[in-house]
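Undergrad: Let me begin by handing over the structure; questions about it come next.
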Amino acid sequence: MANNLRFSDDALNVAHKIIKRYPEGKQKSALLPLLHLAQAEFGGWLSSDAMDYVATLLNILPVEVYEVATFYSMYNMKPVGKCVLEVCRTGPCWLMGAEDIVTYMQKKLGIKVGETTADGMFTLKTVECLAACGTAPIMQVGETYHENLTCEKVDAILDDYRKNVKEPISHFDKKHYKEI
Amino acid sequence: MGRKVLLEHINVPGIETYSVYREKGGYKSVEKALKMKPDDVVEEVKKSGLRGRGGAGFPTGMKWSFIDKKTPNPHYLICNADESEPGTFKDRYLMQKHPHALVEGMIVSSYALDAHTAYIYIRGELLYVYHILEKAIAEAYAAGFLGKNIMGTGYDLDLYVHPGAGAYICGEETGLIESLEGKRGNPRMKPPFPAVQGLWMCPTVVNNVETIAAVPHILNMGGEEYAKIGIGKSTGTKLISACGHVKNPGVYELELGLPVEEFLYSEEYCGGIRNGKKFKAVVAGGSSVPILPAELFLKTAKGEPRLMSYESLSDGGFASGTMLGSGGFIVMDETVSVVKNLYNFTRFYHHESCGQCSPCREGTGWMEKVLHRIIDGHGKMSDIDLLWDVQSKIDGRTICPLGEASAWPVASAIRHFRAEFEELIKKGEKVKQVPYLQELVEA
Numbered sequence: 000m001a002n003n004l005r006f007s008d009d010a011l012n013v014a015h016k017i018i019k020r021y022p023e024g025k026q027k028s029a030l031l032p033l034l035h036l037a038q039a040e041f042g043g044w045l046s047s048d049a050m051d052y053v054a055t056l057l058n059i060l061p062v063e064v065y066e067v068a069t070f071y072s073m074y075n076m077k078p079v080g081k082c083v084l085e086v087c088r089t090g091p092c093w094l095m096g097a098e099d100i101v102t103y104m105q106k107k108l109g110i111k112v113g114e115t116t117a118d119g120m121f122t123l124k125t126v127e128c129l130a131a132c133g134t135a136p137i138m139q140v141g142e143t144y145h146e147n148l149t150c151e152k153v154d155a156i157l158d159d160y161r162k163n164v165k166e167p168i169s170h171f172d173k174k175h176y177k178e179i
Numbered sequence: 000m001g002r003k004v005l006l007e008h009i010n011v012p013g014i015e016t017y018s019v020y021r022e023k024g025g026y027k028s029v030e031k032a033l034k035m036k037p038d039d040v041v042e043e044v045k046k047s048g049l050r051g052r053g054g055a056g057f058p059t060g061m062k063w064s065f066i067d068k069k070t071p072n073p074h075y076l077i078c079n080a081d082e083s084e085p086g087t088f089k090d091r092y093l094m095q096k097h098p099h100a101l102v103e104g105m106i107v108s109s110y111a112l113d114a115h116t117a118y119i120y121i122r123g124e125l126l127y128v129y130h131i132l133e134k135a136i137a138e139a140y141a142a143g144f145l146g147k148n149i150m151g152t153g154y155d156l157d158l159y160v161h162p163g164a165g166a167y168i169c170g171e172e173t174g175l176i177e178s179l180e181g182k183r184g185n186p187r188m189k190p191p192f193p194a195v196q197g198l199w200m201c202p203t204v205v206n207n208v209e210t211i212a213a214v215p216h217i218l219n220m221g222g223e224e225y226a227k228i229g230i231g232k233s234t235g236t237k238l239i240s241a242c243g244h245v246k247n248p249g250v251y252e253l254e255l256g257l258p259v260e261e262f263l264y265s266e267e268y269c270g271g272i273r274n275g276k277k278f279k280a281v282v283a284g285g286s287s288v289p290i291l292p293a294e295l296f297l298k299t300a301k302g303e304p305r306l307m308s309y310e311s312l313s314d315g316g317f318a319s320g321t322m323l324g325s326g327g328f329i330v331m332d333e334t335v336s337v338v339k340n341l342y343n344f345t346r347f348y349h350h351e352s353c354g355q356c357s358p359c360r361e362g363t364g365w366m367e368k369v370l371h372r373i374i375d376g377h378g379k380m381s382d383i384d385l386l387w388d389v390q391s392k393i394d395g396r397t398i399c400p401l402g403e404a405s406a407w408p409v410a411s412a413i414r415h416f417r418a419e420f421e422e423l424i425k426k427g428e429k430v431k432q433v434p435y436l437q438e439l440v441e442a
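Protein chains in written order, with numbering that gives the first Met the number 0: chain D, 0 to 179; chain W, 0 to 442.
Encoded structure:
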């Protein structure tokens, strides 16, 4: 396949270490972690080129990657903004006002859930229970949980991201590459 | 203060590091267990009466004894850290603040099961906890508690963390195994059970984080001593994550058998309902268990005070009881619309259904649509019986328990709050959001 995508050396190193965690012949098990790496390496989403590349790393068929990538909600199947704002919408967060937080963010960002701002900065997503119900309502951005959200807090968080974020934020933070 | 076992040292500064954890008696159970025969370790866990803390409450020692010993295939232990049951956040708390407690438990449990490779399957959203566990595991390798020839006993064990990627269904043990194999998390038909054919078709045990974290304490104090904590067949302590409209939300460890009234109202635990509101209902064990109105939660149908235990919470069966479940304790005050809350849960199950079984795939969607119609002001009186009919045809007709998990909340809400459905349908008005942040949005 005509595909020029490649992991950085650091990411490739992590990928090989992860693959070794599974027995000989069972390298497909590394698919989920490798797709997280692919999102971190390739701008926060999985293009078909990105998935084909992961398939070559694991020596499996591209379709085996597609069927998995589309099953799990953390993989973005279309381009996203630098910050993907994942607001929990499930029961306990709803009880604490998540619906209002989402309404407020839609208004503030001028986009609907699932959309990206015109400047490519924010994508607004609603997600299911993040296991932080005691500090609801909550939102996840990359590996960070923002808890006990209020509209004022949302303002401050978005301002901070707008000022300080240059590179796309991913769930698998590159700063951890050296720890694997 | 109630007895603390799992969380005794949780607030010690630096407890997430190997050195502080070791100072506080960490890894003593490994030293003890590795001098015993694996079967004797299983025996201690059997004696302790420990039951699975993920929701089902199945006796852990018995689950371990099902492992197929005759096969030449390797055995695997997997820790289920895919905590996704709405209302549940105890495992995240434990792993984040006390990672070595889980690592120690994994070593002892793996030894008991004659497993030489073990995985902690953690939900993908918790990648930051993944890195905390990686660090703890690296420290345990460096200290000689993991790797080859642990403490010179000849026992080898490799422990790895494996991330999921956002799928509630992977908390079901066979869905989890499929996911760990790099596939979609579609649960498998049982039998064969994982203890016979699990990960890569080898004998496998899957246990919840809290279950595994209890094992070192059982070894240290002895199974019989552990069984003295708690009440009847609900032995030991349980982590309960309290959320919703309580004054003090958070993770609490309590001795099983604590009166529910004390748990809900005492300052040591939930501190009562916030903002001086009235207590309306509770989902006591994660979103899948039946909802109970306040009065049936505090006292059983027979008028006895209810206790936080497997037996007492399920007293009265589904007619008037619920389940301890995962310990996700969701409290609702008088402002909550039970119907809209149910809509939210049902939407969740529809979203999370893996799609293999028609009753769940289609039924959860139908229930979501009917409930949406009701909360949107367009409900019909016949919708209540329609919902009842659909849930009853999901219950018991699916490969995995997600079907039941979606049916029970619907059945219990109709059973206990039918009048609220009727009133809503009669009024024909849209249900508003709980008014906690409304002012802010409108301002």
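From the three backbone atoms N, C-alpha and C, an ideal C-beta is built for every residue, glycine too.
Everything numeric in this text was worked out from a predicted model, so none of it was measured.
1) Which class does Ala131 of chain D belong to by DSSP, given the choice of helix, strand or coil?
2) With DSSP as the reference, please indicate the residues paired to Pro58 of chain W in a beta bridge.
3) For Asp394 of chain W, which residues from the same chain have a beta carbon less than 8 Å from its beta carbon, with the 5 sequence-adjacent residues on both sides left out?
4) Lys426 of chain W to Asp375 of chain W, Cα distance in whole Å?
5) Going along chain W, which residues have a C-beta under 7 Å from Lys25 of chain D?
6) From this set, W:Arg187, W:Ile398, W:Ser178 and W:Asn247, which residue's C-alpha is nearest Tyr71 of chain D's C-alpha?
7) What span of residues does the beta strand (DSSP E) with Met331 of chain W cover, start to end?
8) Taking all protein chains shown into account, decide if Phe88 of chain W is buried (16 or more other Cβ within 10 angstroms of its Cβ) or exposed.
9) Pick from W:Val338, W:Pro85 and W:Val204: whose alpha carbon is nearest that of Gly327 of chain W?
10) Check the DSSP bridge columns for Pro258 of chain W and list the partner residues they point to.
11) Please list, in chain order, the chain W residues whose beta carbon lies closer than 9 Å to that of Tyr71 of chain D.
12) Using 9 Å as the limit for Cβ to Cβ distance, is Gly43 of chain D near chain W?
13) For Phe171 of chain D, which residues in chain W fall below 7 Å Cβ to Cβ?
14) Given a cut-off of 9 Å on the beta-carbon distance, is the pair Glu351 of chain W and Ala80 of chain W in contact?
15) When DSSP builds the beta bridges, which residues end up paired with Thr363 of chain W?
16) Within 9 Å (strictly less), CB to CB, does Phe278 of chain W reach chain D?
17) If you compare alpha carbons, which of W:Val338, W:Gly231 and W:His244 is closest to Lys368 of chain W?
18) Alpha carbon to alpha carbon, what distance is there between Val128 of chain W and Asp159 of chain D?
19) Just the Cα atoms here: how many angstroms apart are Ala117 of chain W and Gln105 of chain D?
20) Could you please tell me which residues of the segment 78-89 of chain D, in chain order, have their CB closer than 9 Å to any CB of chain W?
21) Below 9 Å between beta carbons: does that hold for Cys458 of chain W and Arg183 of chain W?
22) Determine, using beta carbons only, whether Tyr160 of chain D comes closer than 9 Å to chain W.
23) DSSP three-state label for Ile473 of chain W, please.
24) Would you mind listing the beta strand (DSSP E) stretches within the segment 165-235 of chain W that are 3+ residues and don't spill past its ends, in chain order?
25) Anything in chain W within Cβ reach of Gln139 of chain D, meaning under 7 Å, just list it in chain order.
26) Among D:Gly113, D:Leu60 and D:Leu56, whose alpha-carbon lies nearest the alpha-carbon of Val79 of chain D?
27) Determine the chain W residues that contact Glu142 of chain D at a beta-carbon separation under 7 Å, and present them in chain order.
28) Smallest Cα separation from Val282 of chain W: which of W:Phe344, W:Pro258 and W:Leu291?
29) What separation, rounded to the nearest whole angstrom, lies between the Cα atoms of Pro193 of chain W and Ala55 of chain W?
30) I'd like to know whether the C-beta of Tyr74 of chain D is nearer than 9 Å to at least one C-beta of chain W.
31) Tell whether a beta-carbon distance below 9 Å holds between Arg161 of chain W and Ile121 of chain W.
32) Return helix, strand or coil for Ala280 of chain W, following the three-state DSSP convention.
33) Roughly how far, in whole angstroms, is the beta-carbon of His170 of chain D from the beta-carbon of Glu142 of chain D, given that I think they are within contact range, below 8 Å?
34) Just the C-alpha distance for Glu438 of chain W and Arg161 of chain D, rounded to the nearest angstrom, thanks.
35) Listed from N- to C-terminal order along the chain, which residues in the segment 363-375 of chain W have their beta-carbon within a distance smaller than 9 Å of any beta-carbon of chain D?
36) Could you tell me whether the Cβ of Arg187 of chain W comes closer than 9 Å to any Cβ of chain D?
TA: Let me spell this out:
1) coil
2) W:Arg50
3) Gly402, Glu403, Ala406, Trp407 and Ala410
4) 11 Å
5) Trp199
6) W:Ser178
7) Here the beta strand (DSSP E) through Met331 of chain W covers Gly327 to Asp332.
8) buried
9) W:Pro85
10) W:Leu306
11) Ordered by position in chain W, the residues that pass the 9 Å Cβ test against Tyr71 of chain D are Gly123, Gly163, Ala164, Gly165, Ala166, Cys169, Ser178, Arg183 and Gly184.
12) Cβ-Cβ to chain W under 9 Å: no for Gly43 of chain D.
13) Within 7 Å Cβ-Cβ: Leu126.
14) Contact: no.
15) Paired residue(s): none; Thr363 of chain W is not in a bridge.
16) no
17) W:Val338
18) 24 Å
19) 44 Å
20) Glu85, Arg88 and Thr89
21) Outside the displayed range of chain W (0 to 442) lies residue 458 of chain W, so it cannot be described from this structure.
22) no
23) Nothing can be reported for residue 473 of chain W: it is not among the residues displayed for chain W, which extend from 0 to 442.
24) 203-207
25) Neighbours of Gln139 of chain D on chain W, chain order: Glu124.
26) D:Gly113
27) Leu126 and Tyr127
28) Answer by Cα proximity: W:Leu291.
29) 16 Å
30) yes
31) A small correction: the amino acid at residue 161 of chain W is His; Arg does not occupy that position in the sequence shown. Yes; because the gap between Cβ atoms is below 9 Å, this pair is in contact.
32) Under the three-state reduction of DSSP, Ala280 of chain W is assigned to strand.
33) 6 Å
34) Legend: pLDDT at Glu438 of chain W = 46, less than 50; position of this residue unreliable, value from coordinates given subsequently. Glu438 of chain W and Arg161 of chain D: Cα-Cα distance of roughly 26 Å.
35) Among the residues of the segment 363-375 of chain W, none has a Cβ less than 9 Å away from any Cβ of chain D.
36) No, Arg187 of chain W does not count as interfacial toward chain D.
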